[in-house]
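Below is one structure, written out as structure tokens; comments come after it.
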Amino acid sequence: MMEMDCATCEAQIDAYADGELSADVAVALERALPGCPRCQQRLDEARLLRNALRQAPSPQAPADLRAAIMAALPASDDSATVAAMPRRVQPARRDTLRWAAGIVLALGAGWTAGRYLPLPIGPDATREVIDGYLRVTAGERLVEVASSDRHTVKPWFGGRVAYAPPVHDLTTDGFPLAGGRVDVIDGRKTAVLVYQRNRHVIALFLWPDAEGQSLRREVRDGFGLRRWSRAGFVFHAIADLPLSDLDRFAAALDARLDAER
Amino acid sequence: MSDTARAQRFASVALPHLDAAYGFARRLTRNESEAQDVTQEAFLRAWRYFETFRGADARPWLLSIVRNTFMSQRQARGAPMADLEDADTALDTVLAGTEALARIPQTPEKALLEADARRSVMAALDTLPQTAREVLVLREIEDLSYKRIATILDVPIGTVMSRLARARAALAAEIRRRAEDG
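Protein chains in written order, with the working numbering: chain A, 57 to 317; chain B, 3 to 184.
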């Protein structure tokens, strides 16, 4: 077993807080921490700072910036494009025009199709999913369409998200379907199915992803999170429940998905 | 790839990260209007160099372009770049006198936990030198690995680590100072 003195411990604290230590060094540090109040304090402080930064309101791109980037989109000829691209862009720049023209075509013809493509969502959708869960549970209504009938919930998503999510009621497995809603994850409209487990709420975020994501289970901020892929979709299930419950939930859902194929 | 397919792919890959790009630009520029300029120019550059993008996650790639755009715009306007030349010295200067690294505060949690501190943490961040701001945004808000950060900042990983440690100490000291003043 690796021994760690306090100086080494302190030098590694930041990397430990950032999850950048190899497993054996991390274990050695965890063993050294109890005898090292100063290091423990630095660790606590690093975590407090991180929380403070993450909880601070983060600036969102203002509508007019988004519009300025998108302004090039509806224009169909060069002059309109130049007029629409504000002062920030030199009109003579050919790339601007090609960019604008290309996106006009993309949005006009291929945008909808493009939204159906399996677009990878960044590897850390986790935080966004947690935020999404908080939005689900914070509102007065858990769902926008309340029904345990999959034939009501599934069509409701038509026109609201750019894919047809698989919808299954899992009442017989102990997870009744409460309904569905739409949230935004990574800037994209995402289908959310809401299930109940006794008095707990499980939110299931799902979107198509042909590549598939490896199974990931973790507890973050006290919420259980389970990510897995099945049947061409990637699922993020989150609840104020232990991971074992989410495993049961996933197994029940997988069985339905497999039966449907 | 046709222009259409390319633009379509670009829109789907890059636009979801607009908020992240703008947020980073805001902390770099500390100015709303300049942040908009930088972000828009960065997206144009990203489009131009789209072929150089490899991999699944466009966010670090875009953040890197945002930073390069910021630096070149500052340079073009003849703004002093000494901040970065003596980056680590500047951080030490910030820390000097606060003795933040040396002393163990009595109640570090309190100042950091107070709602006011949480609200003003961005204001505190904005008082730090660029080297501290950017490494903190990339690590704490964008949640990027040391390796990714090193690529974006174009410095060795060891430098990322030492800057991050100093930046955290500087931010903690600033928050504490504000809490004690106010």
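Cβ coordinates follow ideal geometry from the N, Cα and C atoms, glycine included. Computed from a prediction, not measured in an experiment: that's the story for all the values here.
Between residue i and chain A, is any beta-carbon pair separated by less than 8 Å?
i, result
"Arg141(B)", "yes"
"Gln42(B)", "yes"
"Ala167(B)", "yes"
"Met73(B)", "no"
"Phe55(B)", "no"
"Gln132(B)", "no"
"Ser66(B)", "no"
"Gly1(B)", "No answer is possible for residue 1(B): the residues shown for chain B start at 3 and end at 184."
"Arg28(B)", "yes"
"Gln77(B)", "no"
"Val123(B)", "yes"
"Pro158(B)", "no"
"Arg170(B)", "yes"
Between residue i and residue j, how many whole angstroms is the CB-CB distance? I'm expecting something under 8 Å.
i, j, result
"Val137(B)", "Ile177(B)", "In fact, because the Cβ distance is near 17 Å, the residues do not count as touching under 8 Å."
"Ala27(B)", "Val40(B)", "4 Å"
"Arg237(A)", "Val199(A)", "5 Å"
"Arg283(A)", "Leu271(A)", "7 Å"
"Arg198(B)", "Ile154(B)", "A question about residue 198(B) goes unanswered here, because the residues of chain B that appear run from 3 up to 184."
"Ala108(A)", "Arg170(B)", "Not confirmed; about 11 Å, so no contact."
"Ala181(A)", "Ile241(A)", "6 Å"
Compute the Euclidean distance between the alpha carbons of residue i and residue j, then round it to the nearest angstrom.
i, j, result
"Asp265(A)", "Leu77(A)", "31 Å"
"Val81(A)", "Glu274(A)", "21 Å"
"Pro113(A)", "Gly25(B)", "10 Å"
"Thr64(A)", "Ala71(A)", "12 Å"
"Ala194(A)", "Ala7(B)", "40 Å"
"Ala218(A)", "Gln252(A)", "26 Å"
"Ile130(B)", "Ala175(B)", "Rather than Ile, the amino acid found at residue 130(B) in this sequence is Leu. The straight-line gap from Cα to Cα measures roughly 11 Å."
"Asp59(B)", "Glu53(B)", "14 Å"
"Gly80(B)", "Pro118(A)", "27 Å"
"Asp314(A)", "Gly268(A)", "16 Å"
"Ser135(A)", "Ala124(A)", "Bear in mind that the predicted position of Ser135(A) carries a pLDDT of just 33, short of 50, making it too unreliable to give a figure here."
"Leu173(B)", "Thr133(B)", "12 Å"
"Leu249(A)", "Trp63(B)", "32 Å"
"Gly214(A)", "Ala220(A)", "7 Å"
"Phe279(A)", "Ala167(B)", "29 Å"
"Ile69(A)", "Ser285(A)", "35 Å"
"Val209(A)", "Phe231(A)", "16 Å"
"His224(A)", "Asp277(A)", "28 Å"
"Asp21(B)", "Pro115(A)", "7 Å"
"Asp239(A)", "Glu142(B)", "24 Å"
"Trp212(A)", "Asp310(A)", "22 Å"
"Leu233(A)", "Thr227(A)", "7 Å"
"Leu30(B)", "Ala308(A)", "48 Å"
"Ala79(A)", "Leu299(A)", "22 Å"
Run through the DSSP bridge pairs and tell me what residue i is partnered with.
i, result
"Gly278(A)", "Per DSSP, none; premise fails for Gly278(A)."
"Leu249(A)", "Gly236(A), Leu260(A)"
"Ser285(A)", "Val290(A)"
"Arg226(A)", "According to the sequence displayed, residue 226(A) carries Leu and not Arg. The partner list for Leu226(A) (beta bridge, DSSP) reads Phe231(A)."
"Val201(A)", "Gly236(A)"
"Ile241(A)", "Arg244(A)"
"Gly57(B)", "According to DSSP, which records beta bridges pairwise, Gly57(B) is partnered with nothing at all."
"Val123(B)", "BP columns for Val123(B) are empty, so no partner."
"Ala295(A)", "Ile258(A), Gly280(A)"
"Val217(A)", "Gly214(A)"
"Arg273(A)", "Arg282(A)"
Would you decide whether residue i is buried or exposed? Buried here means 16 or more other CB atoms lie within 10 Å of its CB.
i, result
"Leu127(B)", "buried"
"Leu149(B)", "Reading off the sequence, residue 149(B) comes out as Lys, not Leu. Lys149(B) is exposed by the Cβ-count criterion."
"Ser66(B)", "buried"
"Cys95(A)", "buried"
"Gln146(A)", "With a pLDDT of only 36 at Gln146(A), under the threshold of 50, the placement of this residue in the model should not be trusted, and no figure is reported."
"Ser14(B)", "buried"
"Leu344(A)", "The displayed coordinates of chain A run from 57 to 317. Any statement about residue 344(A) would go beyond what the structure contains."
"Glu183(B)", "Strictly speaking, residue 183(B) in this sequence is Asp, with Glu absent from that position. Asp183(B) comes out exposed."
"Tyr189(A)", "buried"
"Ala37(B)", "buried"
"His207(A)", "exposed"
"Phe12(B)", "buried"
"Ala157(A)", "Any reading at Ala157(A) is ruled out, since the residue's pLDDT is 48, under 50, leaving its predicted position unreliable."
"Pro18(B)", "buried"
"Arg135(B)", "buried"
"Cys92(A)", "buried"
"Glu144(B)", "buried"
Please tell me whether residue i has its Cβ less than 8 Å away from any Cβ of chain B.
i, result
"Gly268(A)", "no"
"Ala82(A)", "no"
"Gln116(A)", "yes"
"Glu101(A)", "yes"
"Cys62(A)", "no"
"Arg191(A)", "no"
"Ile125(A)", "yes"
"Glu40(A)", "Outside the displayed span of chain A (57 to 317) sits residue 40(A), for which this structure offers no information."
"Asp265(A)", "no"
With 8 Å set as the bound, which would you pick, yes or no: does the beta-carbon of residue i sit closer than that to a beta-carbon of chain D?
i, result
"Val137(B)", "As a matter of chain content, chain D is missing from the structure shown, whose protein chains are A and B."
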